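So the sequence shown is numbered by our numbering: it starts at 10 and just counts up by one. Ideal Cβ placement from N, Cα and C applies to all residues, glycine included. Predicted, not measured: the structure shown is a model, and the values here were computed from it. Working notes, structure below.
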Amino acid sequence: MSAPQPVIRRLDPILVDRIAAGEVVERPASAVKELVENAIDAGARTIDVVVESGGRRLIRVVDDGRGMSPEDLALCVERHATSKLPGGDLAAIDTLGFRGEALPSIGAVSRLAITTRPEAAEAGASLTVEAGLKGAVRPAPAQRGTRIEVTELFAATPARLKFLKSDRAENSAIAETLRRLAVAQPGIRFTLRADAGQPLLLPAETGPEGELRRLTAVLGPDFAANALPVSLAREGFSVTGHVGLPTYHRGAAGYIHLVVNGRPVRDRLLLGAVRGAYADTLASDRHPVLGLAIACDPDLVDVNVHPAKTEVRFREPGLVRALVVSAIHDALRRGGARSATTGASRTLDALRPAGPALATHTGAAAPSLFRSARPSFFPAGTPSVAAPSGYRRTESWRPAPEPAEAAPVFGEPEGFGEAAQAPFEGPADLAAPPQADVRLAPEAAEAVDHPLGAARAQIHETYILAQTRDGLVIVDQHAAHERLVYERMKAERARGGIARQGLLIPDVVEMSPDAAERLVAAAPDLDRLGLSIEAFGTGAVLVREVPAALIGASIRDLVTDILDALEASGDEEGGAAATEGGPLGRRLDAVLSRMSCHGSVRAGRRLRPEEMNALLREMEATPNSGQCNHGRPTSIELKLSDIERLFGRR
Numbered sequence: 010m011s012a013p014q015p016v017i018r019r020l021d022p023i024l025v026d027r028i029a030a031g032e033v034v035e036r037p038a039s040a041v042k043e044l045v046e047n048a049i050d051a052g053a054r055t056i057d058v059v060v061e062s063g064g065r066r067l068i069r070v071v072d073d074g075r076g077m078s079p080e081d082l083a084l085c086v087e088r089h090a091t092s093k094l095p096g097g098d099l100a101a102i103d104t105l106g107f108r109g110e111a112l113p114s115i116g117a118v119s120r121l122a123i124t125t126r127p128e129a130a131e132a133g134a135s136l137t138v139e140a141g142l143k144g145a146v147r148p149a150p151a152q153r154g155t156r157i158e159v160t161e162l163f164a165a166t167p168a169r170l171k172f173l174k175s176d177r178a179e180n181s182a183i184a185e186t187l188r189r190l191a192v193a194q195p196g197i198r199f200t201l202r203a204d205a206g207q208p209l210l211l212p213a214e215t216g217p218e219g220e221l222r223r224l225t226a227v228l229g230p231d232f233a234a235n236a237l238p239v240s241l242a243r244e245g246f247s248v249t250g251h252v253g254l255p256t257y258h259r260g261a262a263g264y265i266h267l268v269v270n271g272r273p274v275r276d277r278l279l280l281g282a283v284r285g286a287y288a289d290t291l292a293s294d295r296h297p298v299l300g301l302a303i304a305c306d307p308d309l310v311d312v313n314v315h316p317a318k319t320e321v322r323f324r325e326p327g328l329v330r331a332l333v334v335s336a337i338h339d340a341l342r343r344g345g346a347r348s349a350t351t352g353a354s355r356t357l358d359a360l361r362p363a364g365p366a367l368a369t370h371t372g373a374a375a376p377s378l379f380r381s382a383r384p385s386f387f388p389a390g391t392p393s394v395a396a397p398s399g400y401r402r403t404e405s406w407r408p409a410p411e412p413a414e415a416a417p418v419f420g421e422p423e424g425f426g427e428a429a430q431a432p433f434e435g436p437a438d439l440a441a442p443p444q445a446d447v448r449l450a451p452e453a454a455e456a457v458d459h460p461l462g463a464a465r466a467q468i469h470e471t472y473i474l475a476q477t478r479d480g481l482v483i484v485d486q487h488a489a490h491e492r493l494v495y496e497r498m499k500a501e502r503a504r505g506g507i508a509r510q511g512l513l514i515p516d517v518v519e520m521s522p523d524a525a526e527r528l529v530a531a532a533p534d535l536d537r538l539g540l541s542i543e544a545f546g547t548g549a550v551l552v553r554e555v556p557a558a559l560i561g562a563s564i565r566d567l568v569t570d571i572l573d574a575l576e577a578s579g580d581e582e583g584g585a586a587a588t589e590g591g592p593l594g595r596r597l598d599a600v601l602s603r604m605s606c607h608g609s610v611r612a613g614r615r616l617r618p619e620e621m622n623a624l625l626r627e628m629e630a631t632p633n634s635g636q637c638n639h640g641r642p643t644s645i646e647l648k649l650s651d652i653e654r655l656f657g658r659r
């Protein structure tokens, strides 16, 4: 009787390398990442990358780092051979690479050629690995540093080639990988050249503004003008970088750059913290633009949790999340009423007529689109009357209609509407030239020096037109006041309670039984927001008190919006473990955001000049007033130079 054949056997070493390559080298961009990280760890200050056919045919990485001796060169392509763990301590990793898998894995599925020379050596050395078979180390002429060429990637595993995308898509993935490494290492010069498309050139950046210049080069030329600096440290962790204004956003999350101890990551904890920080300032389908670097002792973070090293695990995840949220919140509060500069560009593009270029003011007249325009706050058909003294005869003047009695403004900020009984003097002289020729009352002349300027008119009973020293600002009155009411109620909640007012006759709101049950279950949380609700039979609730800022609002519409907010925020319930900064706090903020819409100045509400100016001053003093609760901008600024170009005066 013959002995049974063994079922378990050792895999061939080359097969082991090819299996490992499936984890380390998923696509050409993965190989580029591993090779560039090795160059960074070698102290390179210049890294050049060349790819052909999306990285299938050729990947070449050349650096000016320390280089390797012939003995190190022979060992670097062996599995789990590395120079980056001198003490063997996985809790103290301060390099990007440390596994010792990249070069042997790449060599197992391609043809790998390495040429290197240390600075002190007179000659270099070269080595080739083809489909896992290592050649001999040979002398070779070389400059200081290392040159690595990967040709015919995945030639040894043809099935992998079927899963690669087009050359253009692979080139794009390689460029994105290099950009993320470049954000993490602003002091290194990176170049990327492909056989198609424009080369990527990122010069080394140093000095206090070096990080911002690198972020601007990666995120776009508009980033610097729309970025806010971030700097916060706590309990061994620090967060630095720049975050974009909430109104400067993108449709994809690819413009969020996160770095931990010099390592670019796509960590779920950090991404969740970023989303939480922008939660009530950004539309749900938009994403912020930012670059943040987190620094800490290597003992406080584990980077050995993912083969691609794109995720990390913090020893104190709650502390890190709170630090990131606080840092972004502080930056956005400093941003105040600022809106993205790109809003002005979009406005000018929308106003600029199609057709021939505008003539200068010394040539043809402005396009008919602007010649025929008339201010919308003068109703069509207003009869012509003699212009008052002080107006040039060439000006087209119309008297303003008598305003209707203004409805009360819900939750007005201090001073907002105090002068509502003052007679309306009509719109200011909009035709007056700027700068020294502006004819303003003393108080208006001082107001134009404010960031949002002096109110000059209300357009379509929805938009406030304000004049600044060097341009004009258009403000959406409903969106702006919605943010003011929201921030005021948040501040009241933080101080211990939102001011409330009882209804003379409690209001009964009918709804489906399920909706009523959900609302009653949330009654303790809503009571903290100044809204007193109790069950009233089956399929109805009784509203006894509402926040003072919402007096006069439709109770039914208010309750309906609160139900929508509760459904959108999920079924997270408050409790002993809930905190104002956690799920409960986010849920209450979502409800407050919906409530504030009912206490704001509505579109179509005619405002007096005093009310408009009070609104502008309150915006300047309120955090995050550059955007409404839904992420839309509350104001757009147009510089005088932009307007002059629009009319062909420049």
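- Arg322 is bridged by DSSP to Asp311.
- The beta carbon of Arg277 sits closer than 8 Å to those of Glu320, all from its chain and outside the five residues before and after it, given in chain order.
- Out of Asp57, Asp50, Val41 and Gly133, the CA that lies nearest to the CA of Ala83 is found in Gly133.
- Secondary structure note for Arg553: its beta strand (DSSP E) is the uninterrupted segment Ala549 to Pro556.
- The DSSP assignment places complete beta strand (DSSP E) segments of no fewer than 3 residues inside the segment 68-141 at 120-126 and 133-139, in order along the chain.
- The continuous beta strand (DSSP E) containing His266 extends over residues Ile265 to Val269.
- As DSSP reads the structure, Tyr495 sits in no beta bridge.
- Nearest to Ala90 by alpha-carbon distance, out of Gly76, Gly106 and Ala288, is Gly106.
- Assigned with DSSP and collapsed to three states, Pro150 falls in coil, not helix or strand.
- Counting along the chain, Asp176 sits inside no beta strand (DSSP E); it lies in the alpha helix (DSSP H) bounded by residues Asp176 to Ala193.
- Cys637 is not a Cβ neighbour of Thr631, given a cutoff of 8 Å.
- The shortest C-alpha to C-alpha distance from Ala48 to any of Arg66, Glu80 and Thr104 is the one to Thr104.
- Taking every protein chain shown into account, the CB of Thr125 has 16 or more other CB atoms within 10 angstroms, so this residue is buried.
- Val314 sits exposed, since fewer than 16 C-beta atoms from the chains shown fall within 10 Å of its C-beta.
- Between Ala205 and Asp231 the beta-carbon gap is near 26 Å, outside 8 Å, which marks them as no contact.
- Gln467 has Ile473 as its beta-bridge partners, per DSSP.
- Nearest C-alpha to Ile483 among Glu87, Asp50, Asp72 and Gly352: Gly352.
- In the structure shown, the three-state DSSP call for His490 is helix.
- Secondary-structure assignment with DSSP links His459 through no beta bridge to anything.
- Rounded to the nearest whole angstrom, the C-alpha separation of Val268 and Ala191 is 11 Å.
- Distance from the Cα of Ala193 is smallest, within the candidate group Thr249, Arg69 and Glu554, for Thr249.
- Three or more beta-carbon pairs separated by less than 8 Å are not found between the segment 304-313 and the segment 198-215, which leaves the two stretches without contact.
- As a beta-bridge residue in DSSP terms, Leu481 pairs with Gln476 and Leu647.
- With 16 or more other CB atoms across the displayed protein chains lying within 10 angstroms of its CB, Lys42 is buried.
- One Cα belongs to Ala623, the other to Ala574, and the distance between them is close to 30 Å.
- Judged by DSSP secondary structure, Ser39 falls outside any beta strand (DSSP E) and instead within the alpha helix (DSSP H) spanning Pro37 to Asp50.
- Ala346 sits close to Met628, with the two beta carbons spaced by under 8 Å.
- The straight-line gap separating the alpha-carbon atoms of Ala530 and Val45 is approximately 55 Å.
- Taking the C-beta atoms as reference points, Ile571 is found nearer than 8 Å to Val600.
- DSSP places Ala346 in the coil class of the three-state scheme, outside both helix and strand.
- At a Cβ-Cβ threshold of 8 Å, Gly260 and Asn235 do not count as neighbours.
- With a cutoff of 8 Å on beta-carbon distance, Met520 and Ile507 are scored as not near each other.
- Distance between Arg75 and Val274, taken at the CA atoms: about 26 Å.
- For Arg658, the three-state secondary structure derived from DSSP is coil.
- By the neighbour-count criterion, in which a residue is buried when 16 or more other Cβ atoms sit within 10 angstroms of its Cβ, Phe199 is buried.
- For Thr200, the three-state secondary structure derived from DSSP is strand.
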